[in-house]
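Residues in the sequence shown are numbered consecutively from 4, following my numbering.
Yeah, the Cβ is synthetic: ideal placement off N, Cα and C, and Gly gets one too.
Notes follow once the structure below has been shown.
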Amino acid sequence: MKKGVDTWRSRFVTVLLTVMGIIVLAYPVVASQWNNARQQAVARQYAVSERQVPPQLLERSLARAEQYNRQVPGAPILDPWLARVSKTNNPYQEYLHQLNLLPEMGRLIIPKAHINLSIYHGTTEDTLQKGIGHLYGSSLPVGGVGTHAVLTGHSGLSSATLLDNLSSVRRADEMYVQVAGRKLKYQVHSIQVVRPNEVSSLARVPNKDLLTVITCTPYGINSHRLLVTGHKVPLDPKGLPEVTGMRWSWWMILIICICVVAALLLMRWLVKKTAKDKLEGGKS
Numbered sequence: 004m005k006k007g008v009d010t011w012r013s014r015f016v017t018v019l020l021t022v023m024g025i026i027v028l029a030y031p032v033v034a035s036q037w038n039n040a041r042q043q044a045v046a047r048q049y050a051v052s053e054r055q056v057p058p059q060l061l062e063r064s065l066a067r068a069e070q071y072n073r074q075v076p077g078a079p080i081l082d083p084w085l086a087r088v089s090k091t092n093n094p095y096q097e098y099l100h101q102l103n104l105l106p107e108m109g110r111l112i113i114p115k116a117h118i119n120l121s122i123y124h125g126t127t128e129d130t131l132q133k134g135i136g137h138l139y140g141s142s143l144p145v146g147g148v149g150t151h152a153v154l155t156g157h158s159g160l161s162s163a164t165l166l167d168n169l170s171s172v173r174r175a176d177e178m179y180v181q182v183a184g185r186k187l188k189y190q191v192h193s194i195q196v197v198r199p200n201e202v203s204s205l206a207r208v209p210n211k212d213l214l215t216v217i218t219c220t221p222y223g224i225n226s227h228r229l230l231v232t233g234h235k236v237p238l239d240p241k242g243l244p245e246v247t248g249m250r251w252s253w254w255m256i257l258i259i260c261i262c263v264v265a266a267l268l269l270m271r272w273l274v275k276k277t278a279k280d281k282l283e284g285g286k287s
């Protein structure tokens, strides 16, 4: 009798430890998908909140942003992860007062990479943890000849997908920006991997309306920067595409596969042990 109790106790401990291991392993995936859903909801809510702002306020905000882009030729473009701008200087404070009708500056949509995220002022760590940051010194993302807006975001976080899938974007893919009632479409024409101090590609180009999205690469190493640049093209009559559903990264799929295999092995082990017990019980 004691042997039987010890056997079941040992199995219970084995099952408990295995299940706990699966839960711990799966937690980053669950947390990431939860945060992804929340971030997408915030981005979609921006579109709803924007429609509730009086049109004259939106037009005034856009006019101020366009004037800002004309009057401020561009501060030195610095790598958003290696350099930080003082929040207390007057030019930065003036920047923060642009496109500030809502908590978010706008939203970025990249259908190919399943990206639908809010855009915020600046590139502080707090900002990059929750969405896309607009790089101070680059043009505000309202479009216009001679402008070059630069947006940046994290990849490789265990708590959210963010720009993990930016590497799946190819030339001729589309990127969309919605800001202060204005909707813009950009077609990707350049994809580069550069060192953090190589920022010449972020400069404005005469007679061009450009948008660049940046993240760190390679995945988990972050020694270089992935730059995806597009030029403005006419917006489709149907407007902006909506990106919904779960965003999966390769590491999430790997973890899910490991968890499934572990669960199947555990079930197989339990079935074999149970069958063995019945066989031994029948003999006795």
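- Determine the extent of the alpha helix (DSSP H) in which K211 is found, giving its start and end residues. Numbered from its first residue, the sequence shown carries residue 211 at position 208. Segment: none, K211 is in no alpha helix (DSSP H) and carries neither H nor E.
Next on the checklist: Pairs of beta-carbons, one from the segment 229-237 and one from the segment 262-276, closer than 8 Å: are there three or more?
Outcome noted: By the C-beta criterion, the segment 229-237 is judged not to be in contact with the segment 262-276, since fewer than 3 inter-stretch pairs fall below 8 Å.
Mind pulling the beta strand (DSSP E) runs of 3 or more residues that sit fully within the segment 215-256?
Unbroken beta strand (DSSP E) stretches of 3 residues or longer found wholly inside the segment 215-256: 227-236, given in chain order.
- prompt: Touch check for the segment 187-199 and the segment 124-139: three-plus C-beta pairs under 8 Å?
  reply: Between the segment 187-199 and the segment 124-139, the count of C-beta pairs closer than 8 Å stays below three; the two stretches do not touch.
Report task. Determine the extent of the alpha helix (DSSP H) in which K133 is found, giving its start and end residues. Result -> Within the sequence shown, residue 133 is the residue found at index 130, counting from 1. Counting along the chain, the alpha helix (DSSP H) containing K133 begins and ends at E128 to K133.
Exposed unless 16 or more other CB atoms sit within 10 angstroms - verdict on T150: Counted from its first residue, the sequence shown places residue 150 at position 147. Counting the other Cβ atoms within 10 Å of the Cβ of T150 gives 16 or more, which makes it buried.
To test your reading of the DSSP string, which unbroken alpha helix (DSSP H) runs of 4 or more residues are found completely within the segment 123-173? Scanning the segment 123-173 for uninterrupted alpha helix (DSSP H) segments of 4 residues or longer gives 128-133, listed from N- to C-terminal end.
Inset, instruction - Could you have a look at V178 and say whether DSSP puts it in helix, strand or coil? - result: Locating residue 178 in the sequence shown gives position 175, where the first residue counts as 1. Checking the sequence shown, residue 178 turns out to be Met, not Val. In the three-state reduction of the DSSP assignment, M178 falls in the strand class.
*Quick one: using the 10 Å Cβ neighbour count with 16 as the cut-off for buried, is C260 buried or exposed?*
Residue 260 sits at position 257 when you count from the first residue of the sequence shown. With fewer than 16 other beta carbons inside 10 angstroms of its own, C260 counts as exposed.
- Message: Please report the straight-line C-alpha distance between V32 and P83, rounded to a whole angstrom.
- Response: Counting from 1 along the sequence shown, the entry for residue 32 is found at position 29. Counting from 1 along the sequence shown, the entry for residue 83 is found at position 80. Rounded to whole angstroms, the separation of the alpha carbons of P83 and V32 is 27 Å.
Can you tell me whether DSSP reads M4 as helix, strand or coil?
-> Mapped onto the sequence shown, residue 4 falls at position 1. The pLDDT assigned to M4 is 49, lower than 50, so where the model puts this residue is not dependable; a value taken from the coordinates is nonetheless given after this. Looking at M4 - three-state DSSP - the assignment turns out to be coil, as it is neither helix nor strand.
Looking at C-alpha atoms only, which residue of S203, K241, E177 and T155 is the closest neighbour of I217? Within the sequence shown, residue 217 is the residue found at index 214, counting from 1. Restricting attention to S203, K241, E177 and T155, the CA atom closest to the CA of I217 is found in T155.
Run of the alpha helix (DSSP H) containing Q96, from where it starts to where it stops: As a first step, residue 96 must be located in the sequence shown, where it is residue number 93. Boundaries of the alpha helix (DSSP H) around Q96: N93 to L99.
Worksheet entry | Close Cβ partners of M4 (< 7 Å) along its chain, the five nearest in sequence each way excluded | The sequence position of residue 4 within the sequence shown is 1, counting from 1. Because the pLDDT of M4 is 49, which lies under 50, any placement of that residue in the model is unreliable, and the number read from its coordinates should be weighed accordingly. Setting aside the 5 residues that flank it on each side, M4 has no residue in the same chain whose C-beta is closer than 7 Å to its C-beta.
Quiz item: Touch check for the segment 105-112 and the segment 170-185: three-plus C-beta pairs under 8 Å?
Solution: Segments in contact, yes.
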